[in-house]
Amino acid sequence: MTCSKMPETPMLTSALRPDTAALWQALQHPEVAPLLRGFVLVGGSALTLRIGHRVSEDLDLAYSEGKLPVVRIPRLMDALARHGIDCVRQHDLAAEEEFFESGLDLADYQQNFVAQCSVKLTLVSLDQSARTLIGGDAASPLRVATLDEIFKTKALVCADRSKTRDWYDLHTLMTEEGYTIADLHNAFVESGQPSKYDIAKSRMTSGRPEASDEGYLQLAGRSKPTLDVMRDYFEAGFREFEVASMSGALRLEREADQRCVPKPRIASRRKRDIAR
454 MTCSKMPETP
464 MLTSALRPDT
474 AALWQALQHP
484 EVAPLLRGFV
494 LVGGSALTLR
504 IGHRVSEDLD
514 LAYSEGKLPV
524 VRIPRLMDAL
534 ARHGIDCVRQ
544 HDLAAEEEFF
554 ESGLDLADYQ
564 QNFVAQCSVK
574 LTLVSLDQSA
584 RTLIGGDAAS
594 PLRVATLDEI
604 FKTKALVCAD
614 RSKTRDWYDL
624 HTLMTEEGYT
634 IADLHNAFVE
644 SGQPSKYDIA
654 KSRMTSGRPE
664 ASDEGYLQLA
674 GRSKPTLDVM
684 RDYFEAGFRE
694 FEVASMSGAL
704 RLEREADQRC
714 VPKPRIASRR
724 KRDIAR
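Each number in my numbering comes from the position in the sequence shown (counting from 1) with 453 added on.
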């Protein structure tokens, strides 16, 4: 399958957990939404709204234009509070200290909140590689990422962490929506980091879920593949893609060689006559 823009379809808000759905509805209120220009809902919740494949517990809003608009965020929290959604900022002191020592402020790049004591809301600035995959700019209204954008960013994430929910989401997109390992490879090429393809492959086929992994089976909907089933599927897909890629490369090499082979020279009639 070649990644292309998908037509808009109604969002499956009923697939969200009730408290998550309430937060999503509040974010779209006319008073709140303008404060979220430039943000795109990404990750598992975006995919849940698109295809309803599993329950989703949190909302990840990615900003498409560099650093987070930190001046707007307190106003956003105040607007949500006026509509019955109280958000409490969560601090990762170790991460904040690490950024500070590098001369940076973590708040410019990521801020975490818990809404109504139950829903995690993350505001994150997209890095340069992800920005090449997500459309929009600082003036764009809040929207849900397309399937193509979700697939590509999920692919990139798999090179950086080993989370079973990421694997489950990719497995669902491949088995139900027609995406392939070739599309996954193209995501790394398109984002300018093709070398990370091998890292993602290793994690998806033999990596162990990290200690902080939340699991996925308790949230899975119509399909509940085991971890081994997903690994086998990915491994077969990687193998098929790489065999096809090698065959294609060899064919192109042969064609190039054939174009470079000099044709035998045929003497002109005049030279043949002189030879006689």
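For glycine and all other residues, C-beta sits at the position ideal for the given N, C-alpha and C.
Fair warning: this is a prediction, and the values are worked out from it, not measured in the lab.
Provide the residue span of the beta strand (DSSP E) that contains residue i, from first to last.
i             : result
leucine 576   : 572 to 578
glutamine 563 : 563 to 568
Just how far apart, CA to CA, sit residue i and residue j?
i                 : j                 : result
glycine 690       : methionine 699    : 14 Å
serine 655        : aspartate 613     : 11 Å
proline 527       : aspartate 511     : 20 Å
arginine 675      : aspartate 513     : 23 Å
isoleucine 719    : isoleucine 652    : The pLDDT assigned to isoleucine 719 is 48, lower than 50, so where the model puts this residue is not dependable; a value taken from the coordinates is nonetheless given after this. Distance between the alpha carbons of isoleucine 719 and isoleucine 652 is about 54 Å.
leucine 546       : aspartate 558     : 12 Å
phenylalanine 566 : leucine 579       : 18 Å
tyrosine 686      : glutamate 693     : 11 Å
methionine 627    : leucine 600       : 11 Å
threonine 606     : tryptophan 620    : 12 Å
leucine 680       : arginine 535      : 43 Å
threonine 658     : tyrosine 632      : 17 Å
valine 696        : tryptophan 477    : 44 Å
arginine 723      : histidine 638     : Caution applies to arginine 723, whose pLDDT of 47 falls short of 50 and renders its modelled position unreliable; the value that the coordinates give is listed next. Roughly 58 Å separates the two Cα atoms.
glutamine 481     : glycine 645       : 33 Å
valine 597        : glycine 556       : 33 Å
arginine 684      : threonine 617     : 11 Å
serine 742        : proline 487       : In the structure displayed, the chain extends from 454 to 729; residue 742 sits before or after that span and is not available.
valine 610        : glutamine 564     : 18 Å
leucine 574       : valine 541        : 10 Å
glycine 505       : leucine 465       : 6 Å
proline 471       : serine 509        : 10 Å
glutamate 518     : leucine 489       : 12 Å
glutamate 643     : glutamate 630     : 20 Å
leucine 672       : phenylalanine 552 : 33 Å
serine 593        : glutamate 550     : 32 Å
valine 485        : alanine 640       : 33 Å
glycine 589       : proline 463       : 20 Å
tyrosine 562      : serine 648        : 25 Å
isoleucine 587    : serine 467        : 25 Å
alanine 608       : valine 524        : 32 Å
aspartate 636     : lysine 677        : 23 Å
cysteine 570      : arginine 503      : 26 Å
threonine 625     : isoleucine 603    : 12 Å
leucine 533       : alanine 479       : 7 Å
leucine 469       : arginine 584      : 26 Å
glutamate 663     : serine 615        : 6 Å
glycine 668       : tyrosine 650      : 24 Å
threonine 501     : glutamate 688     : 25 Å
threonine 473     : leucine 529       : 17 Å
valine 572        : aspartate 531     : 17 Å
tyrosine 516      : aspartate 539     : 22 Å
alanine 475       : glutamine 581     : 32 Å
alanine 560       : isoleucine 634    : 35 Å
Mark residue i as exposed unless 16 or more other C-beta atoms lie within 10 angstroms of its C-beta, in which case mark it buried.
i              : result
glutamine 543  : exposed
leucine 494    : buried
glycine 496    : buried
alanine 499    : buried
arginine 661   : exposed
leucine 670    : exposed
proline 522    : buried
glutamate 554  : exposed
alanine 548    : exposed
alanine 591    : exposed
valine 682     : exposed
glycine 491    : buried
aspartate 622  : buried
methionine 459 : Unreliable placement is indicated for methionine 459, whose pLDDT of 46 sits below 50; the coordinate value is still reported in the next sentence. So methionine 459 counts as exposed.
So residue i is in the alpha helix (DSSP H); what residue range does that whole segment cover?
i          : result
lysine 654 : 649 to 659
Could you name each continuous alpha helix (DSSP H) segment of 4 residues or more that falls completely within the segment 479 to 547, going from the start of the chain to the end? 496 to 504, 525 to 535
Quick one: complete beta strand (DSSP E) runs, 3+ long, within the segment 574 to 647? none
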